[in-house]
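Colleague: Just so you know, the sequences run in chain order A and B.
So the first sequence is numbered by full-length UniProt numbering: it starts at 1 and just counts up by one.
So the second sequence is numbered by full-length UniProt numbering: it starts at 1 and just counts up by one.
By construction, the Cβ of each residue, glycine as well, lies at the ideal position given by its N, Cα and C atoms.
Here it is: the structure, laid out below.
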Amino acid sequence: MSAVDTWVSAFHARSAQQPGAALPWLADLRRQAIYRFADEGWPTRRHPRWQHTSLAFMDQQDFAANAVAPDAAAALARLRGDDAGHWLVFVGGRFNAELSDIGALPAGVQLTSLADALDQHPEAVQAAFGSATDGDSPAALNLALATDGAWLRLPRGVALEAPVHLVFITNATDASQHLRNLIVAEANSEATIVEHYLGEGEATTLTTAATRLQVDADARITHLKLQQEAEPAIHLASINATQARGAHFASHSLSFGARLARNDIHTRFDGEGCDTLLNGLYHLDGRRHVDHHTSINHAQPRGNSREFYRGLLDGNSRGVFTGRIIVAKDAQRSDAMQRCDNLLLSRAAEADARPELEIYADDVKCAHGATVGQMDEDSLFYLQTRGLDDAHARRLLTYAFAAEALDRIALLPLRKQARAALMARLPGGELLEELL
Amino acid sequence: MLDIKNLKASVEGKDILKGLDLQVKAGEVHAIMGPNGSGKSTLSQVLAGRDTFQVDGGSVTWDGQDLLAMPIEERARAGLFLAFQYPVEIPGVSNAYFLKAAVNAIRKHRGLPEFDAMDFLTRVKAEMKAVGMKEEFLYRAVNEGFSGGEKKRNEVLQMALLEPRLAILDETDSGLDIDALKVVADGVNRLRSPDRALIVITHYQRLLDYIVPDHVHVLSQGRIVRSGGRELALELEEKGYGWIGDAGEIHAAPPAAGGAQ
Numbered sequence: 001m002s003a004v005d006t007w008v009s010a011f012h013a014r015s016a017q018q019p020g021a022a023l024p025w026l027a028d029l030r031r032q033a034i035y036r037f038a039d040e041g042w043p044t045r046r047h048p049r050w051q052h053t054s055l056a057f058m059d060q061q062d063f064a065a066n067a068v069a070p071d072a073a074a075a076l077a078r079l080r081g082d083d084a085g086h087w088l089v090f091v092g093g094r095f096n097a098e099l100s101d102i103g104a105l106p107a108g109v110q111l112t113s114l115a116d117a118l119d120q121h122p123e124a125v126q127a128a129f130g131s132a133t134d135g136d137s138p139a140a141l142n143l144a145l146a147t148d149g150a151w152l153r154l155p156r157g158v159a160l161e162a163p164v165h166l167v168f169i170t171n172a173t174d175a176s177q178h179l180r181n182l183i184v185a186e187a188n189s190e191a192t193i194v195e196h197y198l199g200e201g202e203a204t205t206l207t208t209a210a211t212r213l214q215v216d217a218d219a220r221i222t223h224l225k226l227q228q229e230a231e232p233a234i235h236l237a238s239i240n241a242t243q244a245r246g247a248h249f250a251s252h253s254l255s256f257g258a259r260l261a262r263n264d265i266h267t268r269f270d271g272e273g274c275d276t277l278l279n280g281l282y283h284l285d286g287r288r289h290v291d292h293h294t295s296i297n298h299a300q301p302r303g304n305s306r307e308f309y310r311g312l313l314d315g316n317s318r319g320v321f322t323g324r325i326i327v328a329k330d331a332q333r334s335d336a337m338q339r340c341d342n343l344l345l346s347r348a349a350e351a352d353a354r355p356e357l358e359i360y361a362d363d364v365k366c367a368h369g370a371t372v373g374q375m376d377e378d379s380l381f382y383l384q385t386r387g388l389d390d391a392h393a394r395r396l397l398t399y400a401f402a403a404e405a406l407d408r409i410a411l412l413p414l415r416k417q418a419r420a421a422l423m424a425r426l427p428g429g430e431l432l433e434e435l436l
Numbered sequence: 001m002l003d004i005k006n007l008k009a010s011v012e013g014k015d016i017l018k019g020l021d022l023q024v025k026a027g028e029v030h031a032i033m034g035p036n037g038s039g040k041s042t043l044s045q046v047l048a049g050r051d052t053f054q055v056d057g058g059s060v061t062w063d064g065q066d067l068l069a070m071p072i073e074e075r076a077r078a079g080l081f082l083a084f085q086y087p088v089e090i091p092g093v094s095n096a097y098f099l100k101a102a103v104n105a106i107r108k109h110r111g112l113p114e115f116d117a118m119d120f121l122t123r124v125k126a127e128m129k130a131v132g133m134k135e136e137f138l139y140r141a142v143n144e145g146f147s148g149g150e151k152k153r154n155e156v157l158q159m160a161l162l163e164p165r166l167a168i169l170d171e172t173d174s175g176l177d178i179d180a181l182k183v184v185a186d187g188v189n190r191l192r193s194p195d196r197a198l199i200v201i202t203h204y205q206r207l208l209d210y211i212v213p214d215h216v217h218v219l220s221q222g223r224i225v226r227s228g229g230r231e232l233a234l235e236l237e238e239k240g241y242g243w244i245g246d247a248g249e250i251h252a253a254p255p256a257a258g259g260a261q
């Protein structure tokens with residue numbers, strides 16, 4: 001029996017216990033998805049969107065739960081501090097009401113676990129759920145197996161002042177967790193959603209995650225993902241947004257953990273005058289691998305997109321970035337800008353940055369650039385002539401390189417959380433603590 | 001304080017310093033002048049420890065120690081300061097953090113207590129006022145988007161904060177208008193003291209109207225070809241560098257005005 005069959009069997013064994021199992025549309029959708037996954041298997045380098053990241057090894061990969069679960073309450077307390085906000089905590093892929101604190105919400109806002117939403121608003125959830133043909137085969141596996149996630153629906157004109165934090169923590173019973181988050185932001189609404197992925201331990205675990213965001217006319221949604229899974233973990237995720245006229249969507253993807261992390265981040269402008277920011281930062285060491293596969297579809301005119309990815313690559317790690325920008329034939333006066341910059345902290349680290357531009361309109365501004373470089377010797381020398389030793393100077397410049405990505409996070413408390421997560425990864429980060 | 005003997009240095013196989021001698025004593029101000037390509041900046045970079053230049057011979061002694069054997073930061077901590085001709089921009093690091101890290105690295109080495117945030121701010125704000133820098137420059141990234149004059153002021157600010165024993169100003173006047181030049185020169189002059197030495201590297205004598213040197217040296221083709229007092233700078237201003245032969249041979253005396261080769 002191949003590993004793909006293992007997942008199919010797992011699906012059949014679990015499907016009756018899945019949330020919403022009694023909903024025929026959902027049972028159908030899950031079946032279609034698992035069949036698709038069984039049919040396609042894990043993507044390999046032959047797949048055009050997986051040329052730098054093969055999941056062929058997943059056929060032989062055994063997954064196991066960690067022997068000891070992280071102390072979820074303690075991890076949450078560290079993360080949360082004294083933030084009031086809206087906190088939804090998922091342990092081992094299931095909503096944990098005890099640790100969660102959804103807080104007070106403006107009238108009409110729905111913020112619950114996906115399982116609850118399937119009970120309470122199955123039709124709205126169905127409209128937002130997505131289809132079995134979305135994304136590549138790992139996305140189909142996620143659809144088939146997802147046990148829970150968050151449901152957020154913002155009525156027209158409502159702004160959530162405090163960010164919504166979704167915290168996903170591994171446990172000691174599940175070797176894999178599969179999460180699906182659905183966000184529907186009606187016209188003129190506004191919110192910030194933060195996904196935290198936390199894990200500890202020596203076992204190889206699998207997380208699949210899919211977040212779908214519907215951003216209606218003139219709504220403003222900021223999404224921040226902070227991936228800090230345990231070092232041996234595999235993390236396969238997608239973020240899919242659709243934007244209606246004048247909608248604003250910002251995505252910040254910070255990838256610091258996991259042995260292999262793949263993030264597919266896509267947005268599509270379905271109305272005129274949309275704008276989007278895709279900001280990303282990854283730090284890798286050892287033999288770890290991260291792949292961001294992004295696309296921005298300027299399907300309608302006068303859209304504005306800004307995309308900035310930065311990688312810090314140490315050891316034998318490999319960072320992959322693909323930035324696809326599509327400008328449709330009638331999407332005149334589109335303005336797209338993309339950059340990917342990588343700092344290699346060792347000789348053996350490797351960075352791939354691939355812009356993929358498909359431009360069918362003629363009145364378009366589109367700029368892209370990619371750099372892969374080592375620590376700037378002039379800057380190092382300058383700092384050393386001011387009395388900083390080599391190690392301190394290197395740390396400072398490494399931090400400085402990443403800071404440009406962090407500075408694009410507009411909300412200060414979130415920027416601080418992101419900084420703290422980065423500092424925890426950088427050797428000698430404590431020397432730089434005053435920067436916080 | 002500083003004793004350079006027969007210093008030879010090259011970059012990528014090209015000889016730049018070809019046997020340079022210079023002695024600097026505490027309290028002295030030395031000006032080093034010379035045409036482009038004579039080795040002025042190489043000298044400053046070699047003294048500060050830049051490893052892109054290879055030292056091929058000679059010695060540099062700093063208070064009896066072999067300066068060339070010291071790591072870059074040790075030279076700085078021992079009191080050597082280089083004001084860069086082209087200060088480096090460091091996006092992502094605030095000037096405040098940079099200045100504080102530098103000051104504390106050096107204070108620690110000198111056995112002084114490190115400044116806390118309050119003490120540091122009080123000190124840095126006073127020094128910024130003296131060099132005519134607005135406080136906002138503390139919170140901007142190091143040199144990023146600074147004008148030429150602002151970068152040079154930031155160099156003089158660092159010098160004031162780090163209190164070096166020997167400061168080398170590498171073409172600190174380049175790219176400055178006359179007002180900025182005066183401010184920078186005032187900043188430097190405030191730091192003149194009997195136990196502090198200065199080496200002022202410049203192409204033009206104009207800076208020396210404001211920072212008056214005790215000794216002037218003419219550098220050509222990697223050697224000091226002539227040394228004198230302040231009057232030598234004025235003579236160079238009048239006659240240019242043309243009297244220095246192409247091969248760097250030394251004429252007995254500069255030719256009369258207008259007689260440049």
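Looking at the secondary structure, which residues open and close the beta strand (DSSP E) in which D291(A) lies?
Modeller: The residue labelled residue 291(A) in the question sits at position 291 within the first sequence. That run of the beta strand (DSSP E) goes H289 to H298.
Colleague: Let's see if you can read the secondary structure: which residues bound the alpha helix (DSSP H) around M159(B)?
Modeller: On the second sequence, residue 159(B) is found 159 positions in, with the first residue counted as 1. From DSSP, the alpha helix (DSSP H) with M159(B) extends over G148 to L162.
Colleague: Do G34(B) and A219(B) have their beta-carbon atoms positioned less than 7 Å apart in this structure?
Modeller: In the second sequence, counting from the first residue as 1, residue 219(B) sits at position 219. In the second sequence, counting from the first residue as 1, residue 34(B) sits at position 34. Just to set this straight, residue 219(B) is Leu in the shown sequence, not Ala. Yes, they are a contact pair.
Colleague: Between R180(A), F308(A), D101(A) and P48(A), which lies nearest to R30(A) when the distance is taken from Cα to Cα?
Modeller: In the first sequence, residue 30(A) corresponds to position 30, counting from 1. The residue with the shortest Cα to Cα distance from R30(A) is R180(A).
Colleague: Nearest by alpha-carbon distance to D341(A): which of M375(A), D71(A) and D174(A) is it?
Modeller: Translated into positions along the first sequence, residue 341(A) becomes position 341. Among M375(A), D71(A) and D174(A), the Cα nearest to that of D341(A) belongs to M375(A).
Colleague: Hey, is L426(A) close to the ligand ATP, as in C-beta under 6 Å from one of its heavy atoms?
Modeller: Looking at this structure, you won't find the ligand ATP or any other ligand, since it has none at all.
Colleague: Pop quiz: V103(B) and F120(B) are said to be a contact at Cβ under 8 Å. What is the actual Cβ separation, rounded to whole angstroms?
Modeller: Along the second sequence, read from residue 1 onward, the residue named residue 103(B) stands at position 103. Along the second sequence, read from residue 1 onward, the residue named residue 120(B) stands at position 120. Going by Cβ atoms, the distance from V103(B) to F120(B) rounds to 7 Å, so yes, they are a contact pair.
Colleague: What number of angstroms, rounded off, separates the C-alpha of L26(A) from the C-alpha of D136(A)?
Modeller: As a position in the first sequence, residue 26(A) is number 26, starting the count at 1. As a position in the first sequence, residue 136(A) is number 136, starting the count at 1. Roughly 19 Å between the two C-alpha positions.
Colleague: Using a Cβ-Cβ cut-off of 8 Å (strictly less than) and excluding sequence neighbours within five positions of G11(A), which residues of its own chain qualify?
Modeller: Translated into positions along the first sequence, residue 11(A) becomes position 11. It is worth fixing the name first, because residue 11(A) is Phe in this sequence and not Gly. So the qualifying residues of the chain are R30, I34, A144 and L145.
Colleague: Please list the residues of the segment 67-82 of chain B that have a C-beta atom closer than 7 Å to any C-beta atom in chain A, keeping them in chain order.
Modeller: Within the segment 67-82 of chain B, the residues whose Cβ lies closer than 7 Å to some Cβ of chain A are I72, E73, A76, R77 and L82, listed in chain order.
Colleague: So N189(B) is in the alpha helix (DSSP H); what residue range does that whole segment cover?
Modeller: Numbered from 1 along the second sequence, position 189 holds the residue referred to as residue 189(B). Unbroken alpha helix (DSSP H) run through N189(B): I178 to R190.
Colleague: If contact means a Cβ-Cβ distance below 7 Å, which residues of the segment 356-390 of chain A contact chain B?
Modeller: Answer set for the segment 356-390 of chain A: D378, S379, F381, Y382, Q384, T385, R386, G387, L388 and D389.
Colleague: What residue from S38(B), V55(B), E235(B) and R196(B) has the CA that sits closest to H30(B)'s CA?
Modeller: Position 30 of the second sequence holds residue 30(B). Answer by Cα proximity: R196(B).
Colleague: Under 9 Å Cβ-Cβ, which residues of chain A neighbour P113(B)?
Modeller: Counting from 1 along the second sequence, the entry for residue 113(B) is found at position 113. P113(B) does not reach chain A, its nearest Cβ partner there being about 16 Å away, counting only Cβ pairs nearer than 9 Å.
Colleague: Name the DSSP beta bridge partners of F168(A), please?
Modeller: Position 168 of the first sequence holds residue 168(A). F168(A) pairs with F90(A) and Y197(A).
Colleague: According to DSSP, is T6(A) helix, strand or coil?
Modeller: Sequence index remark: in the first sequence, residue 6(A) carries index 6 (1-based). T6(A): helix per DSSP, three-state reduction.
Colleague: Residues in its own chain within less than 8 Å of R140(B) by CB, not counting five upstream and five downstream?
Modeller: In the second sequence, the residue the question calls residue 140(B) occupies position 140. Cβ neighbours of R140(B) beyond the five flanking positions: S94, N95 and F146.
Colleague: Among L141(A), A22(A), V68(A) and P24(A), whose alpha-carbon lies nearest the alpha-carbon of D39(A)?
Modeller: The residue you call residue 39(A) lines up with position 39 of the first sequence. The candidate whose alpha carbon is nearest that of D39(A) is L141(A).
Colleague: Pull up the distance between the alpha-carbon of L232(B) and that of V200(B), whole angstroms please.
Modeller: Position 232 of the second sequence holds residue 232(B). Position 200 of the second sequence holds residue 200(B). Roughly 14 Å separates the two Cα atoms.
Colleague: Tell me where the beta strand (DSSP E) around S255(A) begins and ends.
Modeller: The count along the first sequence starts at 1 and reaches residue 255(A) at position 255. First-last of the beta strand (DSSP E) with S255(A): H248 to S255.
Colleague: In the DSSP output, what is Q338(A) paired with across the bridge?
Modeller: Taking the first sequence and counting its residues from 1, the one referred to as residue 338(A) is at position 338. Beta-bridge pairing links Q338(A) to E307(A) and H368(A).
Colleague: Determine contact between the segment 285-300 of chain A and the segment 35-55 of chain A, defined as no fewer than three beta-carbon pairs at a distance below 8 Å.
Modeller: A contact exists between the segment 285-300 of chain A and the segment 35-55 of chain A.
Colleague: So, are the CB atoms of P232(A) and T208(A) less than 7 Å apart?
Modeller: In the first sequence, residue 232(A) corresponds to position 232, counting from 1. In the first sequence, residue 208(A) corresponds to position 208, counting from 1. No.
Colleague: For E231(B), does the three-state DSSP call read helix, strand or coil?
Modeller: Walking along the second sequence from the start, residue 231(B) turns up at place 231. Three-state DSSP puts E231(B) in a helix.
Colleague: Quick test of your reading: S176(A) and F63(A), contact by CB under 8 Å. State the CB separation rounded to the nearest angstrom.
Modeller: Working through the first sequence from its first residue, we reach residue 176(A) at position 176. Working through the first sequence from its first residue, we reach residue 63(A) at position 63. Right, the Cβ-Cβ distance comes to about 6 Å (below 8 Å), so this counts as a contact.
Colleague: Count the other C-beta atoms from every protein chain shown that fall within 10 angstroms of the C-beta of T267(A), then say buried if there are 16 or more, exposed otherwise.
Modeller: Within the first sequence, residue 267(A) is the residue found at index 267, counting from 1. Answer is buried; the Cβ neighbour count reaches 16.
Colleague: Within the chosen definition, does the segment 55-69 of chain B reach the segment 234-245 of chain B through at least 3 CB pairs nearer than 8 Å?
Modeller: Look at the beta carbons and you see the segment 55-69 of chain B not touching the segment 234-245 of chain B: under three pairs across the two are nearer than 8 Å.
Colleague: Could you check what DSSP says for G248(B) in three-state terms: helix, strand or coil?
Modeller: Numbered from 1 along the second sequence, position 248 holds the residue referred to as residue 248(B). Low confidence applies to G248(B): its pLDDT is 46, below 50, so where it sits in the model is not reliable enough to give any reading.
Colleague: Taking the alpha-carbon positions, what's the A83(B) to E135(B) distance?
Modeller: Counting from one through the second sequence, the residue named residue 83(B) turns up at place 83. Counting from one through the second sequence, the residue named residue 135(B) turns up at place 135. Straight-line Cα distance between these residues: approximately 21 Å.
Colleague: Shortest alpha-carbon distance to A124(A) belongs to which of L182(A), A3(A), G103(A) and E404(A)?
Modeller: Counted from its first residue, the first sequence places residue 124(A) at position 124. Distances from the CA of A124(A) to each of L182(A), A3(A), G103(A) and E404(A) were compared; the closest alpha carbon is that of L182(A).
Colleague: Would you identify the three-state DSSP class for V216(B), choosing helix, strand or coil?
Modeller: For the purposes of this step, residue 216(B) is taken as the residue at position 216 of the second sequence. Strand.
Colleague: For E195(A), I'd like the list of residues in its chain whose CB is within less than 6 Å of its CB, leaving aside the five on either flank, ordered along the chain.
Modeller: For the purposes of this step, residue 195(A) is identified with residue 195 of the first sequence, where counting begins at 1. Here the set comprises L166 and K225.
Colleague: Quick one: what does DSSP say D354(A) is sitting in, helix, strand or coil?
Modeller: Translated into the one-based positions of the first sequence, residue 354(A) becomes position 354. It is worth fixing the name first, because residue 354(A) is Arg in this sequence and not Asp. In the structure shown, R354(A) sits in a strand (DSSP, three-state: E or B).
Colleague: Should P213(B) be labelled buried (16 or more other beta-carbon atoms within 10 Å of its own) or exposed?
Modeller: By one-based count along the second sequence, residue 213(B) stands at place 213. The residue is buried, with at least 16 neighbouring Cβ atoms inside 10 Å.
Colleague: DSSP on V11(B), reduced to helix/strand/coil?
Modeller: As a first step, residue 11(B) must be located in the second sequence, where it is residue number 11. In the structure shown, V11(B) sits in a strand (DSSP, three-state: E or B).
Colleague: Taking only beta-carbon atoms, is R419(A) less than 7 Å away from chain B?
Modeller: Sequence index remark: in the first sequence, residue 419(A) carries index 419 (1-based). For R419(A), the answer is no, since every Cβ of chain B falls outside 7 Å of its Cβ.
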